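Engineer:
Residue numbers (our numbering): 102 to 488.
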């Protein structure tokens, strides 16, 4: 049978990251192409104890349907944890990871042909989500302190039907860049001036390894006008496989997102939500996050120190999971990625993260959180030998 695919899907290419991850899964390949949290930081025993207790004491609640907005105690726990950025007009919805927040925001706000503005490079998962709804993407170049706000303003002045500004202000994926306080204020002011909502994606905000990254306010903290949809996640501080995230957004937007979620998955799995809630309430989350930072700081340092005297050009990220490395002009990015994987090191070509057709980059993204310390050292030595 010949299948006719929808226009929304036919134009989407498989994620380059996912394709490279197929190579990563082969025995002996060092996973610098991954984007996973450090597996040795997972609180496996705590989760096991919580799961056993829940299934013993509350099995029906764990296994039954729930409401779309999410498990009520977890929603309250999120309100308590995020009270410093929530506004009186905001509501919480629990989602299947922060990725679903991007999906619901696009579903609620974007018609086909509408414009979504994003940093370039940016997270491929969100970009493909916007593309799947027929949005037209406009990229804003990244600078050392965040998106080029003058370019952002020019796009807002000249484009019609801009429906969303997407940004990852803390330890951005893939670049590792953190947006400055001045630019956070300017992005919010421009969004307010032009009446365009911001989707603030913050999965890495608590993974700060040095500097004052955590002292910078989220853009949501400026939100007195109901402009910002905030996407949060427990994937990086607890476990990504649970697929539990959340959105903080004005109640009217959250109500529409709830309807959109009902058409997608009805609700995020109850058992997973209950595990997250029990973990937040019964474990020392602050100490656990400090433990993650200690592990990932050491991993980052191994990678950065090992590559410091190579032809790769990079800024040491103050947090997050990624290193964005510019190659010398005479080395082709795709050739380098192929050569690396043929030598058992998987890296992601930077082209996978570009927003608009015709943009160019000669960079690769490296992940330092997933490999073991031994793999980091071995992989760095292999990459050094490629020059």
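Here a beta-carbon is modelled for each residue, glycine too, at the ideal position from N, C-alpha and C. Nothing here was measured: the structure is a model prediction, and the numbers come from that model.
1) Got a sec, what are the start and stop residues for the alpha helix (DSSP H) residue 58 sits in?
2) Looking at C-beta atoms only, is the number of pairs between the segment 352-372 and the segment 200-215 that lie closer than 8 Å three or more?
3) Nearest CA to the CA of residue 395: which residue from 310, 374 and 372?
4) Helix, strand or coil: how does DSSP classify residue 166 here?
5) Who pairs with residue 347 in a beta bridge, going by DSSP?
6) Using the beta-carbon count (16 or more within 10 Å), is residue 110 buried or exposed?
7) What does the alpha-carbon distance come out to for the pair residue 291 and residue 250?
8) Quick check: the Cα distance between residue 268 and residue 157, rounded to an integer number of angstroms?
9) Here's a check: name, in chain order, each residue in its chain whose Cβ is nearer than 8 Å to the Cβ of residue 487, leaving out the five neighbours to either side.
10) Could you give the first and the last residue of the continuous beta strand (DSSP E) run that contains residue 356?
11) Would you call the CB atoms of residue 169 and residue 368 closer than 7 Å?
12) How would you label residue 198, buried or exposed, when you count the other beta carbons within 10 angstroms and need 16 or more for buried?
13) Between the beta-carbon of residue 403 and the beta-carbon of residue 446, is there less than 7 Å?
14) State the Cα-Cα distance for the pair residue 264 and residue 211, rounded to the nearest angstrom.
15) May I ask you to report which of helix, strand or coil DSSP gives residue 268?
16) May I have the straight-line CA-CA distance separating residue 160 from residue 465, to the nearest angstrom?
17) Report the start-end ranges of each beta strand (DSSP E) in the segment 401-450 that is 3 residues or longer and not cut off at the edges.
18) Looking only at its chain, what residues have a beta carbon closer than 8 Å to the beta carbon of residue 481, apart from the 5 residues adjacent to it on each side?
19) Quick check: what's the CA-CA separation for residue 143 versus residue 422?
20) If you draw a straight line from the alpha carbon of residue 461 to that of residue 453, how long is it in whole angstroms?
Structural biologist: Quick look at the numbers:
1) No information on residue 58 is available, as it lies outside the stretch 102 to 488 that the chain covers here.
2) yes
3) Per the Cα distances, 310.
4) coil
5) 195 and 333
6) exposed
7) Going by C-alpha positions, residue 291 is about 9 Å away from residue 250.
8) 42 Å
9) 437, 440, 441 and 444
10) No beta strand (DSSP E) holds residue 356; the alpha helix (DSSP H) holding it covers 352-363.
11) yes
12) buried
13) The Cβ-Cβ distance between residue 403 and residue 446 does not fall below 7 Å.
14) 6 Å
15) strand
16) 46 Å
17) 423-427
18) 403, 404, 407 and 408
19) 15 Å
20) 11 Å
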